[in-house]
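One structure below.
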Amino acid sequence: SQQGEEDPQALSIQEGENATMNCSYKTSINNLQWYRQNSGRGLVHLILIRSNEREKHSGRLRVTLDTSKKSSSLLITASRAADTASYFCATDSYTGNQFYFGTGTSLTVIP
Amino acid sequence: DTGVSQNPRHKITKRGQNVTFRCDPISEHNRLYWYRQTLGQGPEFLTYFQNEAQLEKSRLLSDRFSAERPKGSFSTLEIQRTEQGDSAMYLCASRRQGGNYGYTFGSGTRLTVV
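From first to last, the protein sequence lines are chains A and B.
Last residue of the first sequence: number 116 in this note's numbering, and the count goes up by one each step with no gaps.
Last residue of the second sequence: number 116 in this note's numbering, and the count goes up by one each step with no gaps.
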């Protein structure tokens, strides 16, 4: 399966701490994306990293990609209660036309 | 840019009934996708359109499922003879053509089959 797998499945931290989530995948990719989903809502695109990139930043988000290990990480710095959500990585299909999602990491930020 | 709109937000139906969901994508996006998500899982790909052409279908899309995008704008997903296992959140997403764009998702339609 090309589906990404996130680790850990659940993470609980105090507000202000950093949160790190990891994603592993099995086949070669062109792009990897991270999404956030609040309970009962659709997914929100956070960041896209291309296979020739190693690190990307967006605000308090930092994404790394190691294609040799077929893994990516999402770091959220100085977490806030509003960051409480599920986070998914998505890897593209061999055609590049669609993305496959993992089962997600459920993040709880305690105020 | 008004985002991706899905209707209805919730649908409760009796087993065996047919249901239809609608998705209005962002107008500039020529690609439209349907995903299904069950509790505690990530979204699973169902099908994808480029303009009005349905280019890929997952094996998850059984004969009871059909999707259309008649004029390359809005799309409908119909489930015939619903089963309890069809209960899920049905998500629509759109994006621009090209490999460097992410999806814009709608809020989804929550289907409950009783």
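Where a beta carbon is used, it is the ideal one built from N, C-alpha and C, also for glycine.
Every value quoted in this text rests on a predicted model; they were computed, and no experiment measured them.
- Here A/A15 carries a strand assignment [DSSP, helix/strand/coil].
- Contacts between B/P10 and chain A, judged by CB atoms closer than 7 Å, are missing: the closest CB pair is about 14 Å apart.
- Distances from the CA of B/S77 to each of B/H12, B/S68 and B/E85 were compared; the closest alpha carbon is that of B/S68.
- Per DSSP, A/T113 is one residue of the beta strand (DSSP E) stretching across T110 to I115.
- DSSP places B/D65 in the coil class of the three-state scheme, outside both helix and strand.
- Taking a beta-carbon distance threshold of 8 Å, A/N36 counts as an interface residue toward chain B.
- Look at the region 52-71 of chain A: the residues with a C-beta under 9 Å from a C-beta of chain B are I52, L53 and R55.
- Identification of chain A residues near B/Q43 by a Cβ-Cβ cut-off of 7 Å yields T108, ordered along the chain.
- At a cut-off of 8 Å between C-beta atoms, A/L48 counts as an interface residue with respect to chain B.
- DSSP, reduced to helix, strand and coil, places A/A83 outside both helices and strands of the structure shown, so it counts as coil.
- Per DSSP, A/N23 is not a residue of any beta strand (DSSP E), being assigned neither H nor E.
- Between A/A83 and A/G21, the C-beta gap is smaller than 8 Å, which places the two residues in contact.
- Taking 8 Å as the CB threshold, B/S89 stays off the interface with chain A.
- Taking every protein chain shown into account, the CB of A/Q38 has 16 or more other CB atoms within 10 angstroms, so this residue is buried.
- For A/Y105, the uninterrupted beta strand (DSSP E) run begins and ends at F104 to F106, by DSSP.
- In this model, B/L48 and B/K59 are separated by some 6 Å (Cα to Cα).
- For A/S63, same chain residues with a beta-carbon under 8 Å away, outside a window of 5 residues either side, are L51 and I52 in chain order.
- Against chain B, the CB of A/Y105 has a partner CB under 8 Å away; the residue lies at that interface.
- Among the bridge pairs identified by DSSP, A/R46 is matched with none.
- Distance between A/T110 and A/L48, taken at the CA atoms: about 13 Å.
- For B/K13, the pairing in a beta bridge is given by DSSP as B/L113.
- For B/Q39, the three-state secondary structure derived from DSSP is strand.
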